[in-house]
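These notes are about the structure you will find just below.
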Amino acid sequence: MLSRVADCLFWMSRYLERAESVARLLNATFHRDLDLAGTDAGDDNRAWLSNLAILQQTVPDGVAAPHAIASWLTFDLTNPGSIIGCVNRARNNARGIRGTVGPEVWRAVNALYWQLRDADFEARARSSPFDYYQAVETGCHLFQGVCDATLPHDEGWQFIALGRSLERADKTLRLLAVKWTELNGLTDDSLKALEWGGVLKSANAFEAYQRAAGRVDPDKVIEFLLLDTNFPRAVRFSLEEASRALSAIDGFTDGRSNGRAERQLGRLISELKYTEPGHLVTAAFSDRLHGLLQQCLAVGRTIHDQYMLTT
Amino acid sequence: MPNVPAANLFADYSLGTAYDEMFDSAKHPRAHYRPLFERLSKLSPDEFARRKAMTDLSMRQDGVGFTVYRAEEGIERVWPMDPVPRIIPADEWSVIERGLAQRLTAINLFLKDLYQDQKILADRVIDPALIYGGGFFRREFVGADVPKGIYVHVCGTDLIRDTDGNYLVLEDNARTPSGVSYMLHNRQVLKRVFPQIFDGYDVRSNDDYPAHLLDVLRYIAPPGRPDPTVVLLSPGMYNSAYFEHSYLAQRMGIELVEGRDLVIDQNRVWMRTTRGLQAVDVIYRRIDDDFLDPLAFRPDSLLGVPGLVNVYRAGNVALANGIGTGIADDKGIYPFIPAVIKYYLGQDAILPNVETFRPMVPSHLSHILANLDKFVVKTVNESGGYGMLIGPASTAAQREEFAAKVRAHPRDFIAQPTISLSTHPTFVDGKALEGRHLDLRPFVLCGEKITVVPGGLTRVALPRGSLVVNSSQGGGSKDTWVLA
Numbered sequence: 001m002l003s004r005v006a007d008c009l010f011w012m013s014r015y016l017e018r019a020e021s022v023a024r025l026l027n028a029t030f031h032r033d034l035d036l037a038g039t040d041a042g043d044d045n046r047a048w049l050s051n052l053a054i055l056q057q058t059v060p061d062g063v064a065a066p067h068a069i070a071s072w073l074t075f076d077l078t079n080p081g082s083i084i085g086c087v088n089r090a091r092n093n094a095r096g097i098r099g100t101v102g103p104e105v106w107r108a109v110n111a112l113y114w115q116l117r118d119a120d121f122e123a124r125a126r127s128s129p130f131d132y133y134q135a136v137e138t139g140c141h142l143f144q145g146v147c148d149a150t151l152p153h154d155e156g157w158q159f160i161a162l163g164r165s166l167e168r169a170d171k172t173l174r175l176l177a178v179k180w181t182e183l184n185g186l187t188d189d190s191l192k193a194l195e196w197g198g199v200l201k202s203a204n205a206f207e208a209y210q211r212a213a214g215r216v217d218p219d220k221v222i223e224f225l226l227l228d229t230n231f232p233r234a235v236r237f238s239l240e241e242a243s244r245a246l247s248a249i250d251g252f253t254d255g256r257s258n259g260r261a262e263r264q265l266g267r268l269i270s271e272l273k274y275t276e277p278g279h280l281v282t283a284a285f286s287d288r289l290h291g292l293l294q295q296c297l298a299v300g301r302t303i304h305d306q307y308m309l310t311t
Numbered sequence: 312m313p314n315v316p317a318a319n320l321f322a323d324y325s326l327g328t329a330y331d332e333m334f335d336s337a338k339h340p341r342a343h344y345r346p347l348f349e350r351l352s353k354l355s356p357d358e359f360a361r362r363k364a365m366t367d368l369s370m371r372q373d374g375v376g377f378t379v380y381r382a383e384e385g386i387e388r389v390w391p392m393d394p395v396p397r398i399i400p401a402d403e404w405s406v407i408e409r410g411l412a413q414r415l416t417a418i419n420l421f422l423k424d425l426y427q428d429q430k431i432l433a434d435r436v437i438d439p440a441l442i443y444g445g446g447f448f449r450r451e452f453v454g455a456d457v458p459k460g461i462y463v464h465v466c467g468t469d470l471i472r473d474t475d476g477n478y479l480v481l482e483d484n485a486r487t488p489s490g491v492s493y494m495l496h497n498r499q500v501l502k503r504v505f506p507q508i509f510d511g512y513d514v515r516s517n518d519d520y521p522a523h524l525l526d527v528l529r530y531i532a533p534p535g536r537p538d539p540t541v542v543l544l545s546p547g548m549y550n551s552a553y554f555e556h557s558y559l560a561q562r563m564g565i566e567l568v569e570g571r572d573l574v575i576d577q578n579r580v581w582m583r584t585t586r587g588l589q590a591v592d593v594i595y596r597r598i599d600d601d602f603l604d605p606l607a608f609r610p611d612s613l614l615g616v617p618g619l620v621n622v623y624r625a626g627n628v629a630l631a632n633g634i635g636t637g638i639a640d641d642k643g644i645y646p647f648i649p650a651v652i653k654y655y656l657g658q659d660a661i662l663p664n665v666e667t668f669r670p671m672v673p674s675h676l677s678h679i680l681a682n683l684d685k686f687v688v689k690t691v692n693e694s695g696g697y698g699m700l701i702g703p704a705s706t707a708a709q710r711e712e713f714a715a716k717v718r719a720h721p722r723d724f725i726a727q728p729t730i731s732l733s734t735h736p737t738f739v740d741g742k743a744l745e746g747r748h749l750d751l752r753p754f755v756l757c758g759e760k761i762t763v764v765p766g767g768l769t770r771v772a773l774p775r776g777s778l779v780v781n782s783s784q785g786g787g788s789k790d791t792w793v794l795a
């Protein structure tokens, strides 16, 4: 497989996963604001500033009110990190592989782009954003489904899986890092439950968590999102998926890579795997999350060096 | 005209002086159009508009069209397809088919001669100055061998019809002709949105074009490569024909590569893959000669592959089309193609040229200058409808400008009488069918044998009265049916 094509597949998948993450995060924040409407917590833009931190975004001058931040993160094509910006970048990558993958994959990405760019659809979304976020989620699920159902599960498909799982691990780690700092001083139990419930919803994990652990408890939420072995957006699960994709790719590429990314990833997974349950959230928890995030980024860089910079 | 209900798509259809594809001069549908005419007559304009909207949506979702880039966002201009198909009966097609095969056979013999022995120049059939003065003649390739002696593997020849319905060759495209993906895709879209109109017709399939093209590409592989690696070299996604490049690569199951994916080492071409470098044997290149190799041609080209031409010369990689084929579709050489056919094949051209005047001939020059308001004047090295003067639609100032240019650079121009291209019912303004001018570009492949896939790209000029069908100038397209 051409290195450039591998790169396009990887980033097409990552950007769409990112668009979906942003949509879910913003959707959860709108719900949170409505749940807290009329209270002090409902009136400030604390959650929106956290969103910017999670997405590593800096708003332009004059954008401070929640709805302005939401617009900037949703519709603004000049913001590469906005939903439409991510879908646009995914689409540009999809365009780069049109000659390689079947027409269905391109059509899935292209149709989502045009649905979101429709002027009427966007106008309706500005007053009632939920349909928009729903469309993004559905469109991204459709994309992943089309990839699974129409592509041979070969090297290229593994790069799609790799991009998706690394993006999930990255986003969940950032979500936890920012939210833990923001919320760990809360004392009001019902507010705590609502806020951490929002964190779960941002990762589409609310129902799965409840079945696994019952009531919303911050420590358990963190443990679930970090260590669960079955939930798709849990960090450990995502990294194990990434690891499977990497070893499959190494199989396809005759072991040319020397497995450096795989070993880095293996160490990271081991660290999560052998964590003592119940002893996760300690005083240095924030540093630990940032350490995990750095390792995650290092894996991404190694993948790029190994497979996409062929000379 | 037979009785038709009031709100009929053909209610205001009028015939001009041009040959109409569907109707004869008494406004009766020609025999091969009758089933289509009857079906369309039963459709309301609203129903037809709905089908047209489905066509447009389908084209947009498939991302069929041209891309113009602005900052972050790609502006896609979908190339509009008109849902009324153009129909060519079997007897007409068999003449076209023979004519195109004859023409490409002669063109390949011509190029081989030009780059080898130059007998045709020695025999003064063509003035050598015309060849050496042509912008697309690559004198550095004189004496070089090309795989299987074939220069043009893919040719797109533009045909038009005069007022009597005769097919004439307007021009050959022997460099990197495009449009075949639209021919293939239009059929797919029409089947999807308008399956009923195929009833009563035995339309020949064009769907095996990519398979034939792949056969040609594999045939020209350097010797000793029984299972050659074939790639399509594209300038990349910002190129206006990128849809076609990706479509063909996908349909042939070959890699679509860009210049940056390829590297030259040990006089071989390699592509960069996740497994390291992999050898490439045949390149279907969709990049013009000028941009192919910055070491051989334009040094500022970032699209090509440095050193590629050397590998080609050494016979270690095959290119389709070959380098230097542009001299054969140079409009300044076009008037000689019937003589070229005669010279190499001893036959008269089955498909005639459009009558053409060359300013280099003094009597032609005075004739052109005296009749500028009736002629179409074309720049020989331009395509896409650029650099043209359409006499009847021109202003006195434009004619002045062209007269001066033609006098100063006679080799750079040709002049032809304005031919009123044939017309065809076309859906306009979302409400009715009107006659619009069109042409036809069939695609001819040359490998072990010559293959003309039944059909071609029919381009239609959408503005009323316009004779310019190019996509860059407001043209659209139609599905083209060749009947069995």
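Here the protein sequences come in this chain order: D and R. The numbers in our numbering rise by one with no breaks, and the one at position 160 of the first sequence is 160. The numbers in our numbering rise by one with no breaks, and the one at position 288 of the second sequence is 599. Think of the CB as a built atom: it goes at the ideal place given N, C-alpha and C, for glycine as much as any other residue. As the structure is a prediction and not an experimental result, all values here were calculated from the model.
- In this model, residue 743 of chain R and residue 320 of chain R are separated by some 5 Å (Cα to Cα).
- Residues 467, 640 of the same chain have their beta carbon placed closer than 6 Å to that of residue 484 of chain R, with the five preceding and five following residues left out of the count.
- For residue 82 of chain D, there is no enclosing beta strand (DSSP E), as DSSP marks it with neither H nor E.
- The bridge partners DSSP lists for residue 787 of chain R are R:771.
- Sorting D:216, D:236, D:215 by C-alpha distance to the C-alpha of residue 225 of chain D places D:236 at the top.
- Nearest Cα to residue 733 of chain R within the set R:712, R:739, R:747: R:747.
- Selection R:765, R:615, R:593 evaluated against residue 627 of chain R yields R:593 as nearest (Cα-Cα).
- Secondary structure of residue 343 of chain R (DSSP, three-state): helix.
- Bounds of the alpha helix (DSSP H) holding residue 600 of chain R are 600 to 603.
- By a beta-carbon distance limit of 8 Å, residue 754 of chain R contacts residue 465 of chain R. Their separation comes to about 7 Å.
- For secondary structure counted as the alpha helix (DSSP H) over 4 or more consecutive residues, the region 419 to 469 of chain R holds these complete runs in sequence order: 430 to 433, 439 to 443.
- The DSSP-derived three-state label of residue 661 of chain R is coil.
- Relative to residue 337 of chain R, the option among R:346, R:343, R:327 whose CA is nearest is R:327.
- Per the coordinates, the alpha-carbon of residue 99 of chain D lies some 8 Å from the alpha-carbon of residue 562 of chain R.
- For residue 571 of chain R, the nearest beta carbon of chain D is closer than 9 Å to its own beta carbon.
- Among the CB atoms of chain D, one or more fall inside 9 Å of the CB of residue 553 of chain R.
- Interface with chain R (9 Å Cβ-Cβ cutoff): residue 15 of chain D is excluded.
- Comparing alpha carbon positions, the residue from R:343, R:686, R:763, R:455 closest to residue 426 of chain R is R:455.
- Per the C-alpha coordinates, the member of R:522, R:789, R:664 positioned closest to residue 564 of chain R is R:522.
- Non-local beta-carbon contacts of residue 172 of chain D in its own chain, meaning distances under 6 Å to residues more than five positions away in sequence, involve 203, 225, 233, 235 in chain order.
- In the three-state reduction of the DSSP assignment, residue 410 of chain R falls in the helix class.
- When DSSP reads this structure, residue 582 of chain R sits in a beta bridge with R:573, R:589.
- Sequence-distant Cβ neighbours of residue 199 of chain D in its own chain, meaning closer than 7 Å and more than five residues away, are 175, 179, 221.
- Interface criterion not met: the Cβ of residue 32 of chain D is under 9 Å from no Cβ in chain R.
- Non-local beta-carbon contacts of residue 458 of chain R in its own chain, meaning distances under 6 Å to residues more than five positions away in sequence, involve 531, 629 in chain order.
- Residue 752 of chain R and residue 368 of chain R have their C-alpha atoms spaced approximately 25 Å apart.
- Looking at the backbone, the Cα of residue 269 of chain D and that of residue 88 of chain D are separated by about 32 Å.
- For residue 95 of chain D, the chain R residues whose C-beta falls within less than 7 Å of its own C-beta are 548, listed in chain order.
- Counting every other CB atom within 10 Å of its CB across the protein chains shown gives residue 549 of chain R a total below 16, marking it as exposed.
- Bounds of any alpha helix (DSSP H) do not take in residue 636 of chain R, whose DSSP letter is neither H nor E.
- Note that the region 117 to 126 of chain D does not touch the region 13 to 27 of chain D; fewer than 3 beta-carbon pairs, one per stretch, sit closer than 8 Å.
- When rounded, the separation of the alpha-carbon atoms in residue 282 of chain D and residue 276 of chain D is 12 Å.
- Each of D:197, D:32, D:104 was checked against the Cα of residue 148 of chain D, and the nearest Cα belongs to D:104.
- Looking from the CA of residue 607 of chain R, the closest CA among R:343, R:619, R:599 belongs to R:619.
- Non-local beta-carbon contacts of residue 286 of chain D in its own chain, meaning distances under 7 Å to residues more than five positions away in sequence, involve 177, 180, 181 in chain order.
- Shown here is that no member of the region 208 to 242 of chain D has a Cβ falling below 7 Å from a Cβ of chain R.
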